[in-house]
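Below is one structure, written out as C-alpha cells; the observations come after it.
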C-alpha cells in the first residue's frame, strides 16, 4: 500500500515543492506500520558531552532495520555527534563522555565490557570527506577484508562491493592504481565499497555527499535505495531535499540554548519522512523544513 | 555473515580474541620500549649522581689538577672549568652574530635560489661529524701554530653556527609580514625595520636557541681533541695557548687506570650534566613562555 | 605665500643603511657557505699525502702500522659498518615502539613528560655516556651479558669468547644504540602525529584493532619519513667518536666476534690525537676523516632527498582527495 501525501494548501513555495518531491518518491517506498518494523537501535536518554559541556541532550529514538533513517537539522545541533555515538567513534575523542543507553539488537553497546572493535565491526561508517587509504583501489577494499578474516574469494568480494557501490565499471581496469587518483565522488563511493565489503549490519553516513557534485550525490542516493534490503542506513544530512528523496524515517534535531551561552542539540521530532515534511507536529520542525530558519 | 551478538563467545569464530591478543601484545611492547628508554636514562643519571656526588666538593673548581697524585693532595679541575668558560664564551661570540646575520639575510633579503643553497650549506655543516670539524680546524689553524683556545673556540663555533642560524630563522619567519609592512609603510627604511622592529620580536627565540646551542656545545669533546687538549696543569685564561676543558678532562680521566681519577671524572661529569640539564630546562621554559606570548598576542 | 618643497621621491633607491645591512648579512651567509667548502678543501688537502701514496686501496686495507708506515682504513671501515648498522637495527624498532607509545597508547598526561625524558637522553654529552660505558656498562656486559650470550649462542661466530676488559664492539653497539634512539624516536613521533585523523578513523570504523590500524595505515603513511629518520640516526652513529673510542678497545682488528675489540673510523681518529706526529700518519688520519666526511655527506643528502619526496607526495595526495 503506497503511502500518499495529501495535496497541501499552497502555503509557501518551498512546502509545495517538497510535497511534490515527497509524492514522487512515495511511490518508491512502502512503509509498514511502526509495530511491524524491527528495531535495530534503541536510544534512551542519550546525553553526549565534550569536556563536560553537552553537545546533545536526552535523545530517545528507535532506528528500524532495513530502512534509511535521516538525521536533519541546522549546523551545530549535534547530528554528527549523535551518529558517532552509535558506533562508539566518539571514544577516540579525548574529552568525550556520554550518559544514557544505546541498545543494538537489545544489547547495550555503551556498557563497559563491550569491545568497541566488535561494535564497529557490525556498524560501519562513511565519513563526510572521502578518506581512502593511500593504497591501490583494490587494496582499499581488500585490506579490511584481509584483516577481519574474510580472505576467501577475495577478488569476488572486492568486485561485489565495488559493484554495489556503483564504482566497478569505472575502476575495473585499473584496480592497482592508487585510490588517490580517483575523483572526489569516486573516492567516496570507494569508501562506501570499503565499508560494505566487510558486510556490516548497519552503515552510518555522516553527510556523505556534502563534498560532492550533484551527479555523484545522486549516485550515492541511488545506492542507498538499492542496498536497503541488505543493510540499514542512518544518514546525517543538512540537505532537506536529500532527506526527502532517500529517507524512510527522518529525525529532526534542533538547537536549544541555556544560560551563559550554552548550546546543545535535542531531538525534536522523529517520524516518517512524509509526515515530517508535509505535516510536522512541532513548530520548530515546520519552521526548519519550510526554510524559515536554519 | 554479520553477527549481532557482541559477546566473546560468538566472536571466536571471527578470530577476534586472537586479534585482540595481538593488539594487547603490541601495546605491551610499546610500554616496555618506553620503560626501557626511561630506565636507561634513569640508570645513567643515577650513576653519575651517586658517584659524582661523593667526589663533589669545592676543590673541584678551586684547585688545579695534581699529576701523579699518590697522596691525598687536594686536586681539582679549575683549569678545565676556566677553559670551558673561555672557549664556550668565545665560540658564542663568534657564532651568534654570524648566525643571526645569516638568518636575517635568508629571511629578509635572499632570493629563493640563494636561500635554498645557503640552507643546504647549513644543513650539510650541521651533518659534519664533530671529529671531522676537529681535524679541519687542526689543519687550518693548529698546524704550524700550535694548539690554542681560539682554535678550539672556532671549532665549537662551527658546530654552533647552524643551530643558531636555524633557530633564529624559525623565529624570524614567525614575525608577521603585516608588522614589517606597517613599518615600511611609515617610511622607515628597510634596515631600520629589520633591526628595530623585527629583531626585537625575535629576541626570545634567539636567546632560547643560543642557550640550547651552548648546552649542546659545552659537552662536545671531539672538536677540542686536536685543537686544545695538550695542556699543563696550571690555571690560566689566555686563549692564545691551549686551554683545558671539562669534556676533554673527563675524557682523559676516564681512560686512566687510577680510581681517584675516575672519581674526579664522575664529579666533573655531574657538574657538566647538571649544567646541561638546567640550561635545557631553562630553554624549554623560555620557549613555552614565548609561545604563549605569541598565541595570546594573536 | 610660502612654497612647500616637494619631497624627493626619486633618486637613490637604496639607502646606505639598507645596503650595509644587506652587505654585512650577505657576507655572513657567504661565509657560512664558504665554510663548508673550506672544510672539504682542507680535509682533501691534508689527506693528499695519504691518498696520493696509498690510493683507493687504502679504503680496504686492514693494516695500520706506524712503524712500517703502512696504513689502511679497512679494519676501521669494518668497525664502523658493523657497529653502526647493528646499533641502527636495534634502535629502530625500539624507537618506533616508543613513538607509537607516545602518540597512540600513553595516557595523555603521560605523553609530555615521557617525550621530554626521551629528548633528555639526547642531551647527555657523549663523553659522559662514554664514562658510564667504561665504568658501569662495560663491566656489567663483561660479567653478565656476554658470557650468557656466549653460552647460549656461542655456536655463532658472532658471539665468541667474551671480552676481558668490558671494552668491545658489543659495548660500542649498546652505547651507539642509546645515542641514536632519541633521534629516530622523535622524528618518528612527529611523523605519527602527522597522520591525518580521518585516515585513522576510516580504518578503525571498519572494526579493526588499534594495532591493525597502525600497521595498515600509520606505518605505510610514515614509511618515507622513517627511512629518513633511520638515515639520520645512522649518520649520527657513524660520526660518533668519543663514546665509541672510550668503550671499543682501540685495536686494529677485523673479527666476526662482537665481543672482540676493534675501532671505527671516527674512534680511530679520536684515539690518535695525542700520538700522531709524522706526516704519513697524520695524513692517513685525515684520509680516515675524508672517508667519514663523504659518508656523512651522502647520508645527509639522501635523508634530505627522501624528506623532500615525502613532503611532495603528501602534498599532492591531500590535494587530490578534495574534489
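Chains as they are written, first to last, in our numbering: chain A, 1 to 294; chain B, 1001 to 1298; chain C, 2001 to 2323.
The beta carbon of each residue, even a glycine, is placed where N, CA and C say it ideally should be.
{"Check": "Grab me the residues of residue 1084 of chain B's own chain with a C-beta within less than 6 Å of its C-beta, minus the 5 sequence neighbours each way, in chain order.", "Outcome": "1245 and 1246"}
{"Check": "Residue 2020 of chain C to residue 1250 of chain B, Cα distance in whole Å?", "Outcome": "45 Å"}
{"Check": "Just to confirm the assignment, what range does the beta strand (DSSP E) spanning residue 48 of chain A have?", "Outcome": "39 to 50"}
{"Check": "Starting from the beta carbon of residue 1083 of chain B, find every residue of chain E whose beta carbon is closer than 8 Å, and list them in chain order.", "Outcome": "In the structure shown, chain E cannot be found, because the protein chains are A, B and C."}
{"Check": "Could you name the residues of the same chain whose beta carbon sits closer than 8 Å to that of residue 178 of chain A, not counting the 5 residues immediately before and after it, in chain order?", "Outcome": "134, 135, 136 and 137"}
{"Check": "Would you mind sorting residue 1220 of chain B into buried or exposed? The rule is 16 or more other CB atoms within 10 Å of its CB.", "Outcome": "buried"}
{"Check": "Quick one: list the residues of chain C neighbouring residue 1247 of chain B, beta-carbon separation under 7 Å, in chain order.", "Outcome": "2125 and 2127"}
{"Check": "Please state the DSSP three-state secondary structure of residue 101 of chain A.", "Outcome": "strand"}
{"Check": "Is there at least one Cβ from chain B nearer than 8 Å to residue 2304 of chain C's Cβ?", "Outcome": "yes"}
{"Check": "Can you name the residues that DSSP bridges to residue 107 of chain A?", "Outcome": "A:104"}
{"Check": "Start and end of the alpha helix (DSSP H) containing residue 2174 of chain C?", "Outcome": "2169 to 2193"}
{"Check": "Residues of chain A with CB under 7 Å from residue 2217 of chain C, in chain order?", "Outcome": "133"}
{"Check": "Identify the continuous alpha helix (DSSP H) that holds residue 2213 of chain C and give its terminal residues.", "Outcome": "2210 to 2213"}
{"Check": "Quick one: list the residues of chain A neighbouring residue 2212 of chain C, beta-carbon separation under 7 Å, in chain order.", "Outcome": "147"}
{"Check": "Taking the DSSP output, what are the residues bridged to residue 2132 of chain C?", "Outcome": "DSSP lists no partner for residue 2132 of chain C."}
{"Check": "Taking Cβ positions, are residue 2131 of chain C and residue 2246 of chain C nearer each other than 8 Å?", "Outcome": "yes"}
{"Check": "Buried or exposed for residue 77 of chain A, going by 16 or more other Cβ atoms inside 10 Å?", "Outcome": "buried"}
{"Check": "Taking beta-carbon pairs under 9 Å, can you tell me which members of the segment 1022 to 1056 of chain B lie near chain A?", "Outcome": "1023"}
{"Check": "The beta strand (DSSP E) that contains residue 269 of chain A, what's its start and end?", "Outcome": "263 to 272"}
{"Check": "If you count every other CB in all the chains shown that lies within 10 Å of the CB of residue 2022 of chain C, and 16 or more means buried, which is it?", "Outcome": "buried"}
{"Check": "Going by Cα to Cα distance, which pick from C:2066, C:2035, C:2125 and C:2064 is closest to residue 1120 of chain B?", "Outcome": "C:2035"}
{"Check": "Establish whether the CB of residue 52 of chain A and some CB of chain C are separated by less than 8 Å.", "Outcome": "no"}
{"Check": "Compare the beta carbon distance of residue 89 of chain A and residue 2240 of chain C with 8 Å and say whether it is the shorter of the two.", "Outcome": "no"}
{"Check": "What beta strand (DSSP E) runs, 3 residues minimum, are completely inside the segment 1140 to 1227 of chain B?", "Outcome": "none"}
{"Check": "Which residues does DSSP pair with residue 2273 of chain C in a beta bridge?", "Outcome": "According to DSSP, which records beta bridges pairwise, residue 2273 of chain C is partnered with nothing at all."}
{"Check": "Checking 8 Å against the spacing of the C-beta atoms, do residue 66 of chain A and residue 183 of chain A come in under that value?", "Outcome": "no"}
{"Check": "Any contact between the segment 2281 to 2289 of chain C and the segment 2102 to 2109 of chain C? By contact I mean 3 or more CB pairs, one from each, below 8 Å.", "Outcome": "no"}
{"Check": "Can you tell me which residues form a DSSP beta bridge with residue 64 of chain A?", "Outcome": "A:39"}
{"Check": "Considering just the uninterrupted stretch of the alpha helix (DSSP H) at residue 1073 of chain B, what are its terminal residues?", "Outcome": "Premise fails: residue 1073 of chain B is in no alpha helix (DSSP H) and is neither H nor E."}
{"Check": "Any beta-carbon of chain A closer than 8 Å to the one on residue 2201 of chain C?", "Outcome": "yes"}
{"Check": "Kindly indicate which residue of A:195, A:167, A:252 and A:132 has the alpha-carbon position closest to the one of residue 2196 of chain C.", "Outcome": "A:132"}
{"Check": "First and last residue of the beta strand (DSSP E) that includes residue 203 of chain A?", "Outcome": "202 to 206"}
{"Check": "Taking 8 Å as the threshold, find out whether the segment 122 to 131 of chain A comes into contact with the segment 184 to 199 of chain A through three or more Cβ pairs.", "Outcome": "yes"}
{"Check": "Excluding five sequence neighbours on each side, which residues of the same chain lie with their C-beta closer than 7 Å to the C-beta of residue 1025 of chain B?", "Outcome": "none"}
{"Check": "For residue 27 of chain A, does the count of other Cβ atoms within 10 angstroms reach 16, so buried, or fall short, so exposed?", "Outcome": "Residue confidence is low: residue 27 of chain A scores 48 on pLDDT, short of 50, so the model does not pin down where it sits. No coordinate-derived value is stated."}
{"Check": "Along chain B, in chain order, which residues have C-beta atoms closer than 7 Å to that of residue 2178 of chain C?", "Outcome": "1040"}
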